[in-house]
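Below is one structure, written out as structure tokens; comments come after it.
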DNA sequence: CATGAATGAGCCTTCATTCAT
DNA sequence: AATGAATGAAGGCTCATTCAT
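Chains as they are written, first to last, in our numbering: chain B, -19 to 186; chain G, -19 to 186; chain P, -19 to 186; chain S, -19 to 186.
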């Protein structure tokens, strides 16, 4: 059965949403408190200040999502299947935590101004997983020699842009024709496309 | 010979940099004035308020960059060369205007809150160019049937993430090993990689 | 044998110290609770609010110190010995209760904002004792005709300033040469000086 | 002719009064702004923050009062006249700046928490002047060997307590009999008394 | 009795904007 | 056209106080 959420959880949930949509500077502590249904002072009592709240949000999201990121992938057979699993895993994480890609993009743009170091470590781990997959593929002769970072951003960037693109497509009339919003049911197709294109990009020419 | 920049130009230049790095909410009118070397009241006299300033920046950047985007590409021979030209053109625009990818990403995240409609039109044009290239390639049997938007984001996303990633890589120690900052001289290699991977992703299986 | 202090006593002790050092406005209820080793709510349960706590501190300190101030002095022989006894008594009280001069000075400055009337009565008693000594000395021809209040402040002021001056002298480098902190072992000399100077000030010219 | 005061001056004047009466912690920036007749933000524009305001008040008061404190005294003949001049000078300064003794006492009590170092230097200078007078008197055989600091506090403490004592005397009924408030016209008598008593205290026994 | 959690009111400070020159 | 000064509104944060257990 569902436990009723603690004050801290309510705050973190509201903060994640607000920070993702408004950014660190744009987010109002008032608004977060209101959205969480708690008193503003309660945020300071439970967490500290705005920066600590932001850090807590990042840490929570990341612990929840990336902690054991690479584990299940290792048991898969071929490098191609592993890469697909990796992309799907990343897609799952982002679709399940819609605030994640937004916060990730904000941090990247603002040069990690508010990024706690613990979090940076998590990212390097994810990157390490990808590196392992690509190297294995090259050794087994199925993957070409590719640039790790570019492939990383190809997967991450495409996913992040796709996932965050729906609202703006829906909002701007001019987009509606060619640039139809992604509906939830389109997600599987979307992810499959990214998988397909990435595999083709990486595969060794026969 | 170089004209010495007008007050308005100095303001817009400083504003572009500040908005790109700090976002709309994070940018301080004070800081922009200081960076531009003008008095703060001068911004209000010359342009209006903060929102008008932001819009002026967007409009300026986009007219400067995307206006005649598609022109030179049509005269090229094969679809593959056209796609390469398209990617290189986009890369040139972004590398030449380092604030562009940042502002683009911010607008995407914030659901186009501040995006002027004129610019939305520009984007659909760029998208139309890509669509033409892909369709021509499919008709000529060299490109597989691919999803326009996904390919668009694959090019745009990878470029945007790569270009904006250097500062954070440089800043966070943990990144420095696997995630070496991109130096200007690496740009050509970087773009060539994106071209290569995108072409492979799009190409029809033989 | 020592009783272990009640919660109320622990609170009052911590409050006296904190109020003396930080003043009423500067004192934090949190800090008092922490220093007392009790829960903050316990202060409100046991005593009331911040104002009540301050008043309780004043009342406690003053009943402990001034209650039977004048008693022992009457039995002494000469007015000069009585005046010395008076000054030493006052010095003892202040040295024994290091918070007393601080709170006294604060109340004087803040126009007795928080001063309970019961205490005002105590002070008039002390003043009455001094008055008796001075009058007796004048009648016996050993003391000149002096202004009661000025002598009162001469004794009280010199003592209070001397006793409270050590921390600031220790803190500010520039003071350290001429203005060496008073160490506990210097106290007897210090009091003797005040006695000597006061007696000379009061004595009738021969 | 009187210049109309600058905003900065109005702020400093209001701040001096408020800090003296309420202390640093008790003073409200709102109240200072209101008393000065300026907008609250104007304080931050002109001066900085609350701490800077406090420091500016201290610095201003001290520059105005103590800067050339010792100068006129040196040209006086006898050590006794010099000491009288010293005390009268100190009294003038305090009576002319009624906030000074309050702030001085507060700083002494709070262990110089908010005391800028430049200010500490001024105090040592005043102390140096007194030292010179006392030493000259001893060499000329008119003063006994006395403790500099005790005499310093005897003068300063008596003055400070006397000057700041009026309001509390006026306020508390019980004080009114023996402890009549000092009216401005009593000041000369008061100072003369302090001079007389201090001279007697210091003088060598004949 | 005691305490961890919660909160309303208020404080310091910032910031976009306007005013006066 | 330009600018130093001024300001209303709002934001982050603290703190005395109360609540619920």
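All C-beta atoms, glycine included, are put in the ideal place defined by N, C-alpha and C.
Everything numeric in this text was worked out from a predicted model, so none of it was measured.
Among the options, whose alpha-carbon lies nearest the alpha-carbon of residue i?
{"i": "residue 94/B", "options": "2/G, -12/G, -7/G, -10/G", "result": "2/G"}
{"i": "residue 30/S", "options": "116/S, -9/S, 63/S", "result": "-9/S"}
{"i": "residue 151/B", "options": "96/G, 92/G, 145/G, 123/G", "result": "92/G"}
{"i": "residue 149/S", "options": "147/P, 19/P, 12/P, 103/P", "result": "103/P"}
{"i": "residue 54/B", "options": "14/B, 21/B, 77/B, 114/B", "result": "114/B"}
{"i": "residue -13/S", "options": "24/S, 52/S, 127/S, 112/S", "result": "24/S"}
{"i": "residue 127/G", "options": "124/B, 20/B, 147/B, 166/B", "result": "166/B"}
{"i": "residue 173/G", "options": "145/G, 67/G, 185/G, 122/G", "result": "67/G"}
{"i": "residue 83/B", "options": "179/B, 7/B, 119/B", "result": "7/B"}
{"i": "residue 147/G", "options": "112/B, 125/B, 88/B", "result": "88/B"}
{"i": "residue -4/B", "options": "15/B, 168/B, 112/B", "result": "15/B"}
{"i": "residue 105/B", "options": "45/B, 90/B, 125/B", "result": "45/B"}
{"i": "residue 122/B", "options": "109/B, 185/B, 90/B", "result": "185/B"}
{"i": "residue 62/G", "options": "72/G, 109/G, 4/G", "result": "109/G"}
{"i": "residue -11/G", "options": "26/G, 118/G, 11/G", "result": "26/G"}
{"i": "residue 120/P", "options": "18/P, 11/P, -1/P, 183/P", "result": "183/P"}
Are the C-beta atoms of residue i and some chain S residue less than 9 Å apart?
{"i": "residue 145/P", "result": "yes"}
{"i": "residue 38/P", "result": "no"}
{"i": "residue 0/P", "result": "yes"}
{"i": "residue 173/P", "result": "yes"}
{"i": "residue -3/P", "result": "no"}
{"i": "residue 190/P", "result": "Since the displayed chain P opens at -19 and closes at 186, residue 190/P lies outside it and no answer follows."}
{"i": "residue 142/P", "result": "yes"}
Taking 9 Å as the threshold (beta carbon to beta carbon), is residue i in contact with chain G?
{"i": "residue 169/B", "result": "yes"}
{"i": "residue 91/B", "result": "yes"}
{"i": "residue 95/B", "result": "yes"}
{"i": "residue -19/B", "result": "Because the pLDDT of residue -19/B is 47, which lies under 50, any placement of that residue in the model is unreliable, and the question is left without a value."}
{"i": "residue 52/B", "result": "no"}
{"i": "residue 49/B", "result": "no"}
{"i": "residue 46/B", "result": "no"}
Quick one: is residue i near chain P, going by C-beta distance under 9 Å?
{"i": "residue 30/S", "result": "no"}
{"i": "residue 114/S", "result": "no"}
{"i": "residue 148/S", "result": "yes"}
{"i": "residue 151/S", "result": "yes"}
Measuring only between beta-carbons, confirm whether residue i sits less than 9 Å from chain B.
{"i": "residue 34/G", "result": "no"}
{"i": "residue 176/G", "result": "yes"}
{"i": "residue 183/G", "result": "yes"}
{"i": "residue -8/G", "result": "no"}
{"i": "residue 121/G", "result": "no"}
{"i": "residue 131/G", "result": "yes"}
{"i": "residue 41/G", "result": "no"}
{"i": "residue 137/G", "result": "yes"}
{"i": "residue 3/G", "result": "yes"}
{"i": "residue 180/G", "result": "yes"}
{"i": "residue 103/G", "result": "yes"}
Assuming residue i contacts residue j under a Cβ cut-off of 8 Å, what Cβ separation, rounded to an integer in Å, is found between them?
{"i": "residue 42/P", "j": "residue 133/P", "result": "Not really, about 19 Å apart at Cβ, beyond 8 Å."}
{"i": "residue 141/B", "j": "residue 136/G", "result": "7 Å"}
{"i": "residue 59/G", "j": "residue 116/G", "result": "5 Å"}
{"i": "residue 9/B", "j": "residue 20/B", "result": "6 Å"}
{"i": "residue 176/G", "j": "residue 138/B", "result": "Not quite, the Cβ-Cβ distance comes to about 16 Å (not below 8 Å), so this is no contact."}
{"i": "residue 56/B", "j": "residue 143/B", "result": "That pair is no contact at about 24 Å."}
{"i": "residue 201/G", "j": "residue 35/G", "result": "Residue 201/G falls outside the range modelled here, since chain G spans only -19 to 186, and no answer is possible."}
{"i": "residue 179/S", "j": "residue 64/S", "result": "7 Å"}
Unbroken alpha helix (DSSP H) runs of length 4 or more, entirely within the stretch -13 to 24 of chain P: which are they? For the stretch -13 to 24 of chain P, whole alpha helix (DSSP H) runs of length 4 or above, ordered along the chain, are -13 to 6, 9 to 16.
Could you please tell me which residues of the stretch 63 to 87 of chain P, in chain order, have their CB closer than 8 Å to any CB of chain S? For the stretch 63 to 87 of chain P, which is checked against every Cβ of chain S, the residues closer than 8 Å are 82, 85, 86, 87.
Which residues of the stretch 5 to 20 of chain B have a Cβ closer than 7 Å to any Cβ of chain G? Give them in chain order. Hits within the stretch, in order: 5, 6.
For the stretch 38 to 102 of chain G, list the beta strand (DSSP E) runs that are entirely contained and at least 3 residues long, ordered along the chain. Counting only runs of 3 or more, we get nothing.
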